[in-house]
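Okay, structure first, notes after.
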């Protein structure tokens, strides 16, 4: 809440300082949009909740690129496997980043298959391995232990 109480300039200064701790060479932003979701009348900063038996058509469309692949959405609301969770936000962010990289490198990603990126394929294979192993993750220190962790 302390970030939401800051003015726009102070907030951006704080965010940029934190980012530069991780990325010292990061350029200064030229413009920005600040969304104070906790102050939104209807959302109040909440995560998505989809009741059972809800039509999934809208959610299925949220993870696809818009505007001929120029706009990508990411967040827990776009996660096909983990909707409404922080993990879903992480996974969808990585998928969107993979799509953007593929598009920049000219790897021909289309609107119906972008989420079947190498990241998603690796994620699904590792998830399947964990689930087939009785839900047990490999020991800490092994590569697979951190496969779904924030880098």
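In full-length UniProt numbering, the protein residues as written are 1 to 151.
Don't be surprised by glycine CBs; every beta carbon is placed ideally from N, CA and C.
Residues near residue i in its chain [Cβ-Cβ closer than 7 Å; skip 5 each side]
i: residue 83; result: 48, 50, 59, 76 and 77
i: residue 52; result: none
i: residue 36; result: 4
i: residue 128; result: none
Residue i versus residue j: straight-line alpha-carbon distance, rounded
i: residue 89; j: residue 54; result: 20 Å
i: residue 42; j: residue 69; result: 29 Å
i: residue 12; j: residue 20; result: 12 Å
i: residue 80; j: residue 64; result: 11 Å
i: residue 33; j: residue 9; result: 11 Å
i: residue 2; j: residue 133; result: 43 Å
i: residue 67; j: residue 104; result: 16 Å
i: residue 125; j: residue 85; result: 20 Å
i: residue 107; j: residue 100; result: 10 Å
i: residue 22; j: residue 40; result: 30 Å
The alpha helix (DSSP H) enclosing residue i, as first and last residue numbers
i: residue 18; result: 8-22
i: residue 93; result: 86-104
Inter-residue CB distance, residue i and residue j (contact presumed, cutoff 8 Å)
i: residue 61; j: residue 74; result: Between residue 74 and residue 61 the Cβ distance is about 14 Å, and since that is not below 8 Å, they are no contact.
i: residue 16; j: residue 29; result: 7 Å
i: residue 4; j: residue 38; result: 6 Å
With 16 other Cβ atoms within 10 Å as the buried cut-off, status of residue i
i: residue 91; result: buried
i: residue 96; result: buried
i: residue 98; result: buried
i: residue 72; result: buried
Closer than 6 Å: residue i CB and nearest the ligand GDP heavy atom
i: residue 133; result: Within the structure as shown, the ligand GDP is missing, as the structure has no ligands at all.
Cβ neighbours of residue i in the same chain (closer than 8 Å, five flanking residues each side left out)
i: residue 14; result: 3 and 6
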